[in-house]
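Residue numbers (our numbering), protein chains in the order written: chain F, 4 to 128; chain D, 4 to 128; chain A, 4 to 128; chain E, 4 to 128. The structure appears below as structure tokens.
Protein chains: 4
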Amino acid sequence: MNGTIGRKRWAIAEGYIPGWSHGREPELQSHETCCILNAGERKAHISITLYFEDREPTGPYRLQVDARRTRHVRFNELTDPEPVPRDTPYASVIESDVEIVVQHTRLDSRQAENALMTTIAFAAD
Amino acid sequence: MNGTIGRKRWAIAEGYIPGWSHGREPELQSHETCCILNAGERKAHISITLYFEDREPTGPYRLQVDARRTRHVRFNELTDPEPVPRDTPYASVIESDVEIVVQHTRLDSRQAENALMTTIAFAAD
Amino acid sequence: MNGTIGRKRWAIAEGYIPGWSHGREPELQSHETCCILNAGERKAHISITLYFEDREPTGPYRLQVDARRTRHVRFNELTDPEPVPRDTPYASVIESDVEIVVQHTRLDSRQAENALMTTIAFAAD
Amino acid sequence: MNGTIGRKRWAIAEGYIPGWSHGREPELQSHETCCILNAGERKAHISITLYFEDREPTGPYRLQVDARRTRHVRFNELTDPEPVPRDTPYASVIESDVEIVVQHTRLDSRQAENALMTTIAFAAD
Chain F
4 MNGTIGRKRW
14 AIAEGYIPGW
24 SHGREPELQS
34 HETCCILNAG
44 ERKAHISITL
54 YFEDREPTGP
64 YRLQVDARRT
74 RHVRFNELTD
84 PEPVPRDTPY
94 ASVIESDVEI
104 VVQHTRLDSR
114 QAENALMTTI
124 AFAAD
Chain D
4 MNGTIGRKRW
14 AIAEGYIPGW
24 SHGREPELQS
34 HETCCILNAG
44 ERKAHISITL
54 YFEDREPTGP
64 YRLQVDARRT
74 RHVRFNELTD
84 PEPVPRDTPY
94 ASVIESDVEI
104 VVQHTRLDSR
114 QAENALMTTI
124 AFAAD
Chain A
4 MNGTIGRKRW
14 AIAEGYIPGW
24 SHGREPELQS
34 HETCCILNAG
44 ERKAHISITL
54 YFEDREPTGP
64 YRLQVDARRT
74 RHVRFNELTD
84 PEPVPRDTPY
94 ASVIESDVEI
104 VVQHTRLDSR
114 QAENALMTTI
124 AFAAD
Chain E
4 MNGTIGRKRW
14 AIAEGYIPGW
24 SHGREPELQS
34 HETCCILNAG
44 ERKAHISITL
54 YFEDREPTGP
64 YRLQVDARRT
74 RHVRFNELTD
84 PEPVPRDTPY
94 ASVIESDVEI
104 VVQHTRLDSR
114 QAENALMTTI
124 AFAAD
């Protein structure tokens, strides 16, 4: 369990929070998640920068993940420096001072039945 | 935010634009997307080449992504040098003069409820 | 077929077992799977450690995959040292004494129609 | 378009052909696909080996992908040396004499609405 694993810079090129939902909330609310694993022995200080199609990037959104912890961050819930707009394409870069692993997931419940997608993010060298 | 990240050559082996859709358009129209992030300080000049099962490749489809911007390109909307055929398997190679990150996503709304899939594309060394 | 391929340490940052299901069981029960391929000539001894948002990691969950075999492990079925909690975000690190390949898949059947997602896990260097 | 890209050995740890389908065939038949891109100038000679949970591997399944072509291979349609069993977990290793890119996709239409998943396969060094 002496577990440092991952990289310090990650990118997710696809980002989009659907504008509406069906189903029991919060479990089945449409959302976009950035799952972060910090398997190491030191707290991770993380900055997320969001990129858009037609304006300057926003951020950094700052958060921490304690040693030996995971955190599933819903982009829906990021508010500082500003909320993430709905129905708007974006992308993100995740930077940490220690190695982490980042995975991107979306649950889309705009129609009666939800759809899911996931991918390990792109890990910079 | 001095953010160059990624590679200059990417490939997506799976490509297929479903031939029909259900639901509100354009959000829920069946589509196949190539999400591109240019987190760096220089504009990206990008060429996409499409490969097919039974004929020569087509392209390059040329597009640009400004510095510090993302662009979610629907293959449905590529028209020059020719539209992407529906219901036809294809694959794509994405080449850029600066580092970018590429992610592939499909929304399939042929049936009443949509389905989603995504993956970070293959990054050449 | 002399097939060693893969790495010895893998991570999955997204983990979540939905709390309920619809449809024929066990095929369509909501589940989260860690698919392991051991294409080599030696048995793999594997340890899985689970990470949570608000408590210390649990594990190792120990299992073996014989030479030239695959094993699709449902997290739902891990019980020793303790069952994996439902409706709880987690992450996992998979360690093996020989090279393996790890892929993460979830089938979510909380609503009438199932949703699927998959990704190759993150491979440590 | 002088396009060699990829690797010569790939692995997919998750494999499963659902045992039944709903919807228009063949488009919406449940299937599992191995999408192969050969962007280079030489024909690819490819061998696929399938691994199971409880018996020896089967294969090689041999196929070719011409230069500058893609091929979307449905595992459902592999028959030589034997058909791929339904409702049975398997994994696969794909080997080529030239660089290719491999992506794994499943369409599951066991319920009324289809579900999709995809990932770039694991590329050996």
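Ideal placement from N, C-alpha and C gives every residue a C-beta, glycine not left out. Computed from a predicted structure; not experimentally measured.
So who's on the other strand from residue i, going by DSSP bridges?
| i | result |
| --- | --- |
| F78/D | F78/D pairs with nothing; no bridge assigned. |
| I51/A | Y64/A, I97/A |
| E35/A | R109/A |
I need the DSSP call for residue i, collapsed to helix, strand or coil.
| i | result |
| --- | --- |
| G18/A | strand |
| M4/F | Unreliable placement is indicated for M4/F, whose pLDDT of 44 sits below 50; no coordinate value is reported for it. |
| K11/F | strand |
| R71/F | coil |
| R45/E | coil |
With burial defined as no fewer than 16 other Cβ atoms inside 10 Å of the residue's Cβ, what is the status of residue i: buried or exposed?
| i | result |
| --- | --- |
| G22/F | exposed |
| T82/E | exposed |
| R48/D | The identity of residue 48/D in the sequence shown is His, whereas the question assumes Arg. Counting Cβ neighbours within 10 Å, H48/D comes out exposed, since fewer than 16 surround it. |
| D128/D | exposed |
| P60/E | buried |
| E98/A | buried |
| D69/A | exposed |
| D111/D | buried |
| Q67/F | exposed |
| R109/E | buried |
| R71/F | buried |
Pull up the CB-CB distance for residue i and residue j, whole angstroms please, since I reckon it's below 8 Å.
| i | j | result |
| --- | --- | --- |
| T36/A | V76/A | 7 Å |
| Y64/A | T73/F | Not a contact, Cβ separation roughly 16 Å. |
| T122/F | I20/D | Actually they are not in contact, since the Cβ atoms of T122/F and I20/D sit about 20 Å apart, beyond 8 Å. |
| Y93/D | G6/D | Contact flag wrong, Cβ pair sits at about 31 Å. |
| R10/F | A126/F | 4 Å |
| A118/A | A118/F | 5 Å |
| A42/A | V96/E | 5 Å |
| H34/A | N79/A | 5 Å |
| V105/D | I39/D | 6 Å |
Output the residue ranges of the beta strand (DSSP E) runs that lie fully inside the region 80-125 of chain E and measure 3 residues or longer, sorted by chain position.
93-111, 118-123
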